[in-house]
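First comes the structure, then the notes that go with it.
Numbering (the numbering used here), first residue to last: 1348 to 1466.
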């Protein structure tokens, strides 16, 4: 198989409120801006999430990566409850846009379907 791709590990920071949802297996979609360094992320990769400034980590398997033109399209396509079961669609949109300004959102949005790996 000449087109076989080597799975990669990505190290990403996560705010505690989202980290806790991922670590509990309740958050199955991670939202990111479509930065160049994430453009090659694909199913089979793993992500090590870290709470910034701490040694707390959890590892997830990337099951799927889907690109959207913006955060609203992503929430509608993926379902807000999968992104954050603890917040409404409107709250989530406000939270995401508080993290990422319009010029970042303009790069596009990635929905990363994740599955918690055993510690």
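Even for Gly, the Cβ is constructed at its ideal location relative to N, Cα and C.
key: Every unbroken beta strand (DSSP E) within the region 1391-1420, with a cutoff of 3 residues, ordered by chain   = Under the rule that a run must span 3 or more residues, the beta strand (DSSP E) segments found entirely inside the region 1391-1420 read 1393-1398 and 1404-1415.
Candidates 1416, 1445, 1457 and 1430: closest to residue 1385 by CA position = Closest in C-alpha terms to residue 1385, from the list 1416, 1445, 1457 and 1430, comes 1457.
message = For residue 1455, which residues in the same chain have their Cβ closer than 8 Å to its Cβ, ignoring the five residues on either side in sequence?
response = Closer than 8 Å at Cβ, skipping near neighbours: 1380, 1381, 1414, 1415, 1416 and 1417.
ask   = Nearest-angstrom Cα distance between residue 1465 and residue 1364?
value = Those two C-alpha atoms are separated by around 20 Å.
query = Counting pairs of beta carbons, one from the region 1401-1412 and one from the region 1420-1427, are three or more of them closer than 8 Å?
reply = With a cut-off of 8 Å, the region 1420-1427 and the region 1401-1412 do not count as touching, because too few Cβ pairs lie within range.
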